[in-house]
Amino acid sequence: MKQVKLQTEKMLFEIDESVSWITFNQPEKRNAISLEMWEGLASALELAMMNDEIKVVVLKGAGGQAFVSGADISEFDMKRNSAKAKVAYAEIAGKAARYLRQSSKPVIALIEGFCIGGGLATALQADVRFATPGSTFGIPAARLGLGYEYEGLELLTQIIGPARARDIMMSARLFGADEALQMGLVNFVEPEADIHAVVAAYAKRIASNAPLTIRAARFAISDFMLQPLKRDRGAAQALIDACFDSEDYREGRLAFAEKRPPDFKGS
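Residues in the sequence shown are numbered consecutively from 26, following our numbering.
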């Protein structure tokens, strides 16, 4: 696995063939995410999007105790202590969230341990979420008195529905992986000993599939989630139609006829 140096050591960026691994690396604070880490996440995502060899992005936390346990509250007195400071903070965090939301490549969240507040908001931006049985989820905004961002609430509600979103936000309670799976917050729950290998295999499976087909499907699914007046069915259909004119479609048919794995190029 090749490691690419970022400006901060609190975020790690590694490449394993067609899969990039981005790690929140502040285990002594259970990967509580700081402003520096938001900046590092944006940089890592930008590198992943620019690298044509990378087909899939995996997000995970260092140390096995947390994905992200929330925001680094020790910074709040300096960097998030007023509405004005909150705007500056949100601009940097929002850039990373926007890169995740607009990612041209599939994103997987590998969740071990705590996935709280901003950590859960980050995981929700992923296409697919894996968790271990001991993972813990929650949004404690109501225990801190802060306002949770509109986009995060919108996405939470889209994924689990308004009744469950109200429960999570108003009670500020913590809940486990089984409940997260039942409500559709995570896709899979895997044993701690297996989850890294399972996610690596799943990521490589996605990476071996036709990139244009995946891009078209991801765009259309994201488009469905927008308000009707904001949807762009024409753009979605254009991406779908492009699959049928692609070399990959020809390769897929030929590989099927020859009973061999296809070698897709994304063209």
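All C-beta atoms in this analysis are idealised placements derived from N, C-alpha and C, irrespective of residue type, glycine included.
**Study point:** Cβ contact (3+ pairs, closer than 8 angstroms) linking the region 158-178 and the region 221-230
**Key:** Here the region 158-178 does not lie against the region 221-230, with fewer than 3 beta-carbon pairs under 8 angstroms apart.
**Study point:** According to DSSP, residues forming a beta bridge with alanine 156
**Key:** Ile136, Val214
Review point. Among Leu145, Ala167, Val93, Leu237, which one has its Cα closest to the Cα of leucine 210?
Key: Leu145
Check your understanding: Which runs of the alpha helix (DSSP H) spanning at least 4 residues fall entirely within the region 45-118, listed in chain order?
Key -> 60-75, 101-104
Point to revise | Collapsed DSSP secondary structure at glutamine 183 in the structure displayed | key: helix
Review point. Taking DSSP as the reference, what is the three-state secondary structure of aspartate 41?
Key: Strand, per DSSP.
Exercise for review: Could you have a look at phenylalanine 162 and say whether DSSP puts it in helix, strand or coil?
Suggested key: strand
Practice item. May I ask which residues mark the beginning and end of the beta strand (DSSP E) holding lysine 27? Key: Note, lysine 27: beta strand (DSSP E), 27-29.
Review point. Going by C-alpha distance, which of Met195, Phe213, Gln51 is nearest leucine 169?
Key: Minimum Cα distance to leucine 169 is reached at Met195.
Review point. Name the DSSP bridge partner or partners of isoleucine 201?
Key: Here residue 201 turns out to be glycine, not isoleucine, going by the sequence shown. Under DSSP, glycine 201 shares a beta bridge with Thr161.
**Study point:** Outcome for aspartate 97 when other beta-carbon atoms lying within 10 angstroms are tallied against a minimum of 16
**Key:** buried
Exercise for review: Along the alpha helix (DSSP H) that carries leucine 149, what are the first and last residues, could you check?
Suggested key: That run of the alpha helix (DSSP H) goes 143-149.
Check your understanding: Can the beta-carbon of glutamate 215 be found less than 7 angstroms from the beta-carbon of phenylalanine 155?
Key -> Yes, these two residues count as a Cβ contact at 7 angstroms.
Exercise for review: Tell me, to the nearest whole angstrom, how far the beta carbon of serine 99 is from that of arginine 55; I am working on the premise that it is less than 8 angstroms.
Suggested key: Not really, about 12 angstroms apart at Cβ, beyond 8 angstroms.
Practice item. For alanine 134, collect the residues of the same chain with a Cβ closer than 6 angstroms to its Cβ; drop the 5 residues on either side in sequence, then sort them by chain order. Key: Leu84, Ala148, Ala151, Arg154
Check your understanding: Going by DSSP, what residues sit across from methionine 36 in a beta bridge?
Key -> Phe49
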